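Below is one structure, written out as structure tokens, with a few remarks after it.
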Amino acid sequence: MPNSSISGAPAPLSASRIRTHHLQQVKDNGGRFAMLTAYEQYTAQIFDEAGIEVLLVGDSASNNVFGNETSLPVTLDELIPLCRAVTRGARRALVVADLPFGSYEVSPAQAIESSVRLMKEAGAHAVKMEGGAFYADYVRAMVQAGIPVMAHIGFTPQSEHALGGYRVQGRGDDAVRLVEDAVALQNAGAFAVLMELVPAATAAAVERAVTVPTIGIGAGNATTGQVLVWQDMAGLRGGKMARFVKQYADLRTVLAGAAAAYAEEVRSGAFPGPEHSF
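Note that the working numbering numbers the sequence shown so that position 212 is 720, with each residue one more than the last.
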């Protein structure tokens, strides 16, 4: 396992696990870090060895693992085994687990209970929770209970129906609200603030307004970190990609070609050959 360093803030050689304070060092030193989703052991291991600093077991598993149209249907019970697989596969990355829709909104006590399950049963190192300043008291209670919290503002997919669909947040006068949300959540104890579908200028204003790291997805280039869904980043998912997605590979074509070649060899009798037989 390579002992790589966080960009802009090399971790000590003796550090075997990236912690929240390492991400803070990146922000303090003007560096950047990378974050990807992961939902099982092999991608977790690969991304970990590639030097990805943060792995997110996202409620995006609803779309990208379970085949739902949105993130809303996925449950805590469904995410826990996925998170457990990721924490077993990653040796160095900070593993953050999403609190899915319905697992925290009722009360700070419910948020704590769900987070404890993700940390105790699945081995998550931190949790991510969607919502603005309204949830500051929730974050404060969770942090007091020993739970590291990553806040998620801007477009919050769990609220897509209330927000009127997938729409950019923080435009015009709404930019002030977004900055206020970020500051309130930081002051409540969140160790980082993730922003989704936010104008680059607004995200830059948030980055300047808070002292904790910011993470962007469709939020421009001023944030401390960036996150993408790995199936989008690596070209596994087909169809139209969001504007903010950059594909670094075409795994869908590679896998389709491999499957077609395998099927052809099976049908022709070329596989298994003598070298694959006992």
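No residue lacks a Cβ here, since even glycine has one placed at the ideal position from N, Cα and C.
Here the structure is a predicted model, which means the values were calculated and not measured.
{"Asked": "Start and end residues, beta strand (DSSP E) containing F541", "Found": "F541 to T545"}
{"Asked": "Length of the line joining the Cα atoms of L759 and K628", "Found": "34 angstroms"}
{"Asked": "First through last residue of the beta strand (DSSP E) which encompasses T722", "Found": "T722 to I725"}
{"Asked": "Residues that DSSP places opposite K754 in a beta bridge", "Found": "DSSP output for K754 lists no bridge partner at all."}
{"Asked": "DSSP beta-bridge partners of V657", "Found": "V635"}
{"Asked": "Straight-line Cα distance separating V737 from Q755", "Found": "10 angstroms"}
{"Asked": "Cut-off 8 angstroms between Cβ atoms - residues of its own chain near A598, not counting five sequence neighbours on either side", "Found": "A546, A552, Q553, F555, D556 and L563"}
{"Asked": "Alpha carbon of A767 to alpha carbon of L705, nearest angstrom", "Found": "36 angstroms"}
{"Asked": "Run of the beta strand (DSSP E) containing Q734, from where it starts to where it stops", "Found": "G733 to L736"}
{"Asked": "Cβ-Cβ distance between P608 and L584 below 8 angstroms", "Found": "yes"}
{"Asked": "DSSP beta-bridge partners of V603", "Found": "L563"}
{"Asked": "A593 beta carbon less than 8 angstroms from that of Q549", "Found": "yes"}
{"Asked": "CB-CB length for V720 against A700, believed under 8 angstroms", "Found": "5 angstroms"}
{"Asked": "Closest Cα partner of V582 within the set Q532, S570 and C591", "Found": "S570"}
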